[in-house]
Amino acid sequence: MFGTRDLPSDLEAIRETHASDAVVLDCATDFETIRPEQAEDLGLFVDELDPATHPAAWLPDDAPRLLERYAGTDFTVGMPGDGSVTWTRQTVPPAVLVKPRVEGSPEPFVDFLIAEALVQVGTGEPEHFLGFFRDSYSDLADVVPLDPNATYQVAAALYDGWIGLHTRETFADWPAERPRLGETWHDAGTRIEGRLDDLPGEVARNETEFSDATELACAAIKHGLELPAPFAALDTSAYRSHGVEYAVTWAEKTFGEL
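Under my numbering, the first residue of the sequence shown carries the number 42, and numbering increases by one thereafter.
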């Protein structure tokens, strides 16, 4: 299921700087969540498996089944919204996993995704939003008047945006320090930028779901792009500093005004 991936020199340098002990692995088959018996094969490439568990009390009663599984005792690697490259700290050392769906993508873009994952590993923050929100995930679910899957998407986006506030200074240095990766980071931001201006209008006209809009806006944070209201309130030092409390308050205020 897994195999060690060779890294080009600039990517190897990022690994050494941000997550020197992390292993980068190619996956033989695509996945959203790896079956537990397959995930255990990670033990061939790491020193230890350390499955995450979280209290059931952190979850609202209508939480998606997969989120319940992640919080439980099953060894759950990979969750909805993780993208083409994901990472886990449920192994010692941490593992960055590259899915086969990247095949056909430009090599610099794939390397950027791996580099981004390595930087995120290096933050020491949780691999999933549940470890970020903890028992406040139920509070978030209470103020987000969407179905459980859309609430999950909003939570994942808010966490992605918060991580982006911590990592974008590193990315912004890459055009000068790591030109190949820096150019890809810039190009990815440019593609997002053109979709931001009319985002509130698309939501108001029911052309875009609010959860999708939140995901796009929060993805833009790591590129330092200008966000429209109400998402601009997430690109602040207050969100970076206060995290969960700020996210729940933002959601309550935002949905109260819709």
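Note that beta-carbon positions come from the ideal geometry of N, C-alpha and C, so glycine has one too. Remember, it's a predicted structure, so these values are computed and weren't measured experimentally.
Bounding residues of the alpha helix (DSSP H) (the contiguous stretch that carries V126) | Here V126 belongs to no alpha helix (DSSP H); instead the beta strand (DSSP E) covers 126-129.
Contact under 7 angstroms by Cβ, D67 with V139 = yes
Rounded C-alpha distance that separates P220 from V151 | Each residue's Cα considered, the two are about 15 angstroms apart.
Decide if the segment 251-258 is in contact with the segment 163-180; the criterion is three or more beta carbon pairs, one per stretch, under 8 angstroms apart.
-> no
Can the beta-carbon of A63 be found less than 7 angstroms from the beta-carbon of P149?
-> No.
Can you check the segment 142-209 for any beta strand (DSSP E) of at least 3 residues that lies completely inside it and give the ranges in chain order?
-> none
Name the DSSP beta bridge partners of A136, please?
-> V64, T129
Determine, using beta carbons only, whether I262 and G172 come nearer to each other than 7 angstroms.
-> no
In the DSSP assignment, what residue or residues form a beta bridge with T45?
-> L66
Contact set for Y200: own chain, Cβ-Cβ below 7 angstroms, skip 5 residues either direction | F170, F173
In the structure shown, what three-state DSSP assignment does E89 receive?
-> strand
Which value, in whole angstroms, describes the spacing of the CA atoms of S65 and V126?
-> The sequence given here places Val at residue 65; Ser does not occur at that position. Straight-line spacing of the CA atoms in V65 and V126 works out to 10 angstroms.
Cα separation between A279 and R246?
-> 30 angstroms
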